[in-house]
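Residue numbers (this note's numbering), protein chains in the order written: chain A, 117 to 361; chain B, 117 to 361. These notes are about the structure you will find just below.
2 protein chains.
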Amino acid sequence: MLNKLVAEHSVVAAQQKPSCTTCSLRDVCLPVGLDDAEVQHLSTLIKHKFRVRRGEYLFHAGADFKSLYAVKNGFFKASILKTDGRTQVTGFYMTGELLGLGAISLEKYSCDTMALEDSEVCEVPFAKLEEIGRAIPPLMNQFHKIMSREIVHDHDVMMLLGSMKAEERLATFLLNLSTRLSRRGYSSTEFNLKMTRHEIGSYLGLKLETVSRSFSKLQEEGLISISNKRVKLEKIAELYRKIGD
Amino acid sequence: MLNKLVAEHSVVAAQQKPSCTTCSLRDVCLPVGLDDAEVQHLSTLIKHKFRVRRGEYLFHAGADFKSLYAVKNGFFKASILKTDGRTQVTGFYMTGELLGLGAISLEKYSCDTMALEDSEVCEVPFAKLEEIGRAIPPLMNQFHKIMSREIVHDHDVMMLLGSMKAEERLATFLLNLSTRLSRRGYSSTEFNLKMTRHEIGSYLGLKLETVSRSFSKLQEEGLISISNKRVKLEKIAELYRKIGD
DNA sequence: CGCGTGATTGAGGGTCCTCAATGCCGGTGG
DNA sequence: CCACCGGCATTGAGGACCCTCAATCACGCG
Numbered sequence: 117m118l119n120k121l122v123a124e125h126s127v128v129a130a131q132q133k134p135s136c137t138t139c140s141l142r143d144v145c146l147p148v149g150l151d152d153a154e155v156q157h158l159s160t161l162i163k164h165k166f167r168v169r170r171g172e173y174l175f176h177a178g179a180d181f182k183s184l185y186a187v188k189n190g191f192f193k194a195s196i197l198k199t200d201g202r203t204q205v206t207g208f209y210m211t212g213e214l215l216g217l218g219a220i221s222l223e224k225y226s227c228d229t230m231a232l233e234d235s236e237v238c239e240v241p242f243a244k245l246e247e248i249g250r251a252i253p254p255l256m257n258q259f260h261k262i263m264s265r266e267i268v269h270d271h272d273v274m275m276l277l278g279s280m281k282a283e284e285r286l287a288t289f290l291l292n293l294s295t296r297l298s299r300r301g302y303s304s305t306e307f308n309l310k311m312t313r314h315e316i317g318s319y320l321g322l323k324l325e326t327v328s329r330s331f332s333k334l335q336e337e338g339l340i341s342i343s344n345k346r347v348k349l350e351k352i353a354e355l356y357r358k359i360g361d
Numbered sequence: 117m118l119n120k121l122v123a124e125h126s127v128v129a130a131q132q133k134p135s136c137t138t139c140s141l142r143d144v145c146l147p148v149g150l151d152d153a154e155v156q157h158l159s160t161l162i163k164h165k166f167r168v169r170r171g172e173y174l175f176h177a178g179a180d181f182k183s184l185y186a187v188k189n190g191f192f193k194a195s196i197l198k199t200d201g202r203t204q205v206t207g208f209y210m211t212g213e214l215l216g217l218g219a220i221s222l223e224k225y226s227c228d229t230m231a232l233e234d235s236e237v238c239e240v241p242f243a244k245l246e247e248i249g250r251a252i253p254p255l256m257n258q259f260h261k262i263m264s265r266e267i268v269h270d271h272d273v274m275m276l277l278g279s280m281k282a283e284e285r286l287a288t289f290l291l292n293l294s295t296r297l298s299r300r301g302y303s304s305t306e307f308n309l310k311m312t313r314h315e316i317g318s319y320l321g322l323k324l325e326t327v328s329r330s331f332s333k334l335q336e337e338g339l340i341s342i343s344n345k346r347v348k349l350e351k352i353a354e355l356y357r358k359i360g361d
């Protein structure tokens, strides 16, 4: 339970002021589609780069909203907690993805967001983003596309939760990770899971035992190899076929 | 099956040019938070008001995206269709709500969107919305809040699909409708469902028989009365208690 | 090295799905 | 006007899938 401790204070501002111009994420993050001058302008709004250590929360649901956070490196999970204690993991976020989009509506963060490994995030003050967006239409447009993508992704998860069986859900999940990783230059067939079976289950609407069994089943079928957190996708095409795509 | 016929052509432009200034939805739609002059300015971008008859599609997934649509009156469902034939209803939309937000990311509509009763929508050309938004910061901000609200709502649905039982899902669904209807001046305790059991089931991740059984169960427990499409919420507080809220 | 957390696997039970029959309502045509 | 028909809804019986509870195992960290 140690990693559930809240540790806002240790979310310390890091060393150097970050710059989007030299960032390796220019083609997956907010700067997509901007020219050099525009990226430079965007760069002025990124105040701080924060470090968030594994198990620490970047923000909690209900806290006042001022900034979005772009994942510079690392891995996060977002989850919501109902009053009766039930939780739901609403998403996993990797390099170049934007945290906190749900907070805009009520100006309070809508999820608890925790680092699943030591991570860094760039703080994006939202009021300034709106302001600079007015001067750089392609930036505003890119931001809208990012929000829209989150909506589409959530609809895909609804499809998954609403009408797929356990093995299909897990296969879909693995293929989604694979795609996102490969877009970032990592292997699309072999990677380490940063989350536990319990967290996967919470995301997929399954109990951890079912997740475990489904991993074993996929392995028996020869579609993947799994050992603890290490996954290898052996037959990507068949995985896609399994989920009907 | 007649109401599944595609009938884009009969989605005809309607008579008069609409105006946001006199619209009864000023406090639930895009104009929220704007002053009179700003609403007038916003009004210039609303090109057409369309009629969409019950069973007709406003747009289909994959079609080129140019405009969002605000529901002027009526009721819509949005759904996604996988290549293997599975469908998922991703949302129901009523007066003052915005259709097509998922289309921004890929500039193609991401869902099929159908009217469940004779309806009217205001067309909001997206490029112009971004343009006018630059001149009216509160409009842009309101738009961001609307997108954000959709994300939060989708997360709530994920919670529902991931960790609630059939009766709880249905109770949550009814209470959500109730809230949105009362915000629009309708009864929060008695209303007509515009959708079939099948559509409710698709949204809630249940089969239509289970939806029907759950209605009956809630009725036996005295929490609601249900007769065909007519629902009456008899004990709202207990319904909330049932879903752990 | 031992402890704690996380993962795997099994047995049994519950919830929801599947299949099927019946009922209801509105629309259509004889 | 009534009979019929199609779509929608209800209800039942049986089975599939996943959950619950529990024991065991593996791994990493102090």
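Where a beta carbon is used, it is the ideal one built from N, C-alpha and C, also for glycine.
Count the other CB atoms, across all protein chains shown, that sit within 10 Å of the CB of lysine 345 of chain A; report buried if there are 16 or more and exposed otherwise. Lysine 345 of chain A is exposed by the Cβ-count criterion.
Which of the residues in the segment 250 to 275 of chain B, read from start to end, lie with their CB under 7 Å from any CB of chain A? Residues Arg250, Pro253, Met256, Asn257, His260, Lys261, Met263, Ser264, Arg265, Glu266, Ile267, Val268, Asp270, His271, Val273, Met274 and Met275.
Who are the Cβ neighbours of isoleucine 342 of chain A in its own chain at under 7 Å, not counting the five residues just before and after it? Within the same chain, Phe331 and Gln335 come within 7 Å of isoleucine 342 of chain A by CB-CB distance, once the 5 residues on both sides are set aside.
Bounding residues of the beta strand (DSSP E) (the contiguous stretch that carries alanine 194 of chain B): Looking at the DSSP string, the run of the beta strand (DSSP E) that includes alanine 194 of chain B is 191 to 197.
Take the Cβ of glycine 362 of chain A as the centre, count every other Cβ of all protein chains shown within 10 Å, and call the residue buried at 16 or more, exposed below. Outside the modelled stretch of chain A, which goes from 117 to 361, sits residue 362 of chain A, for which no answer is possible.
In terms of residues, what are the limits of the beta strand (DSSP E) holding alanine 231 of chain B? Note, alanine 231 of chain B: beta strand (DSSP E), 228 to 231.
Straight-line gap, tyrosine 356 of chain A to threonine 288 of chain A (C-alpha atoms, nearest Å): Here the C-alpha atom of tyrosine 356 of chain A lies approximately 8 Å from the C-alpha atom of threonine 288 of chain A.
How would you call phenylalanine 242 of chain A, buried or exposed, if buried means at least 16 neighbouring beta carbons within 10 angstroms? Buried, because 16 or more other Cβ atoms sit within 10 Å of the Cβ of phenylalanine 242 of chain A.
I need the boundaries of the alpha helix (DSSP H) containing phenylalanine 259 of chain B, first residue and last residue. From DSSP, the alpha helix (DSSP H) with phenylalanine 259 of chain B extends over 253 to 279.
Can you tell me whether serine 126 of chain B is buried or exposed? The criterion is at least 16 other CB atoms within 10 Å of its CB, across all chains shown. Residue confidence is low: serine 126 of chain B scores 48 on pLDDT, short of 50, so the model does not pin down where it sits. No coordinate-derived value is stated.
Within-8 Å CB hit, isoleucine 220 of chain A to chain B: Residue-level contact by beta carbon holds for isoleucine 220 of chain A and chain B, with a gap shorter than 8 Å.
Quick one: complete alpha helix (DSSP H) runs, 4+ long, within the segment 144 to 230 of chain B? List check, alpha helix (DSSP H) in window: 152 to 159.
I'd like to know if the segment 201 to 210 of chain A and the segment 179 to 193 of chain A are in contact, where contact means that at least 3 CB-CB pairs between them fall below 8 Å. Cβ pair count under 8 Å is three or more, so yes.
Quick check: valine 347 of chain A and leucine 309 of chain A, are their CB atoms within less than 8 Å of each other? Result yes, Cβ atoms of valine 347 of chain A and leucine 309 of chain A sit closer than 8 Å.
Helix, strand or coil at asparagine 308 of chain A [DSSP, three-state]: Here asparagine 308 of chain A sits in strand by DSSP.
Assign lysine 188 of chain A to one of two classes, buried (16 or more other C-beta atoms within 10 Å of its C-beta) or exposed (fewer than that). By the neighbour-count criterion, in which 16 or more other beta carbons inside 10 Å mark a residue as buried, lysine 188 of chain A falls on the buried side.
For arginine 313 of chain B, report the span of its alpha helix (DSSP H) as first-last. That run of the alpha helix (DSSP H) goes 313 to 320.
Nearest candidate by alpha-carbon position, reference phenylalanine 166 of chain B, set B/Arg265, B/Asp234, B/Gln156 and B/Ile252: Comparing Cα-Cα distances from phenylalanine 166 of chain B to each of B/Arg265, B/Asp234, B/Gln156 and B/Ile252, the minimum goes to B/Asp234.
According to DSSP, simplified to helix, strand and coil, what is arginine 346 of chain B? The DSSP-derived three-state label of arginine 346 of chain B is strand.
Does the Cβ-Cβ distance between serine 183 of chain A and glutamate 239 of chain A come in under 8 Å? Remark: C-beta atoms of serine 183 of chain A and glutamate 239 of chain A approach each other more closely than 8 Å.
Where glutamate 337 of chain B sits in the DSSP three-state scheme: Correct three-state label for glutamate 337 of chain B: coil.
How close, in whole Å, do the beta carbons of glutamate 283 of chain B and lysine 351 of chain B come, if the pair is a contact with beta carbons under 8 Å? The C-beta distance from glutamate 283 of chain B to lysine 351 of chain B rounds to 14 Å, too long to fall under 8 Å, and the pair is not in contact.
If we ignore side chains and look at the alpha-carbon of each, how far apart do serine 221 of chain A and glutamate 337 of chain A end up? Taking the straight line from one Cα to the other gives about 45 Å.
Leucine 349 of chain B burial status per 10 Å Cβ neighbour count (16 or more: buried): With 16 or more other Cβ atoms within 10 Å, it is buried.
For the alpha helix (DSSP H) holding serine 294 of chain A, just list the boundary residues, first then last. Residues 282 to 299.
Residue of B/Lys198, B/His157, B/Gly171 and B/Val205 minimising C-alpha distance to leucine 322 of chain B: Nearest option by C-alpha distance: B/Val205.
Just reading off the alpha helix (DSSP H) that lysine 358 of chain A is part of, what are its end residues? If you look at lysine 358 of chain A, you'll find it in the alpha helix (DSSP H) that goes 352 to 358.
Expressed to the nearest angstrom, what Euclidean distance is found between the alpha-carbon atoms of alanine 186 of chain A and leucine 214 of chain A? Those two C-alpha atoms are separated by around 5 Å.
Could you give the DSSP three-state label for serine 303 of chain A: helix, strand or coil? DSSP places serine 303 of chain A in coil when its eight states are reduced to three.
Going by other Cβ atoms of all chains shown within 10 Å of its Cβ, with 16 needed for buried, is glycine 317 of chain A buried or exposed? Taking all protein chains in view, the Cβ of glycine 317 of chain A is crowded by 16 or more other Cβ atoms within 10 Å, so the residue is classified as buried.
Since isoleucine 196 of chain A meets chain B, which of its residues come closer than 7 Å, beta carbon to beta carbon? Here the neighbours are His271 and Met275.
Euclidean distance between Cα positions of arginine 142 of chain B and cysteine 136 of chain B: Arginine 142 of chain B and cysteine 136 of chain B: Cα-Cα distance of roughly 7 Å.
Measuring only the C-alpha atoms, how far is methionine 311 of chain B from isoleucine 196 of chain A? Taking the straight line joining both Cα atoms gives about 29 Å.
Going by C-alpha distance, which of B/Lys261, B/Ala231 and B/Ser279 is nearest arginine 169 of chain B? Looking at the Cα atoms, B/Ala231 is the closest of the given residues.
Limits of the unbroken beta strand (DSSP E) element including cysteine 238 of chain A: Residues 235 to 241.
Quick one: list the residues of chain B neighbouring serine 183 of chain A, beta-carbon separation under 7 Å, in chain order. In chain order: nothing, as chain B lies at least about 14 Å away.
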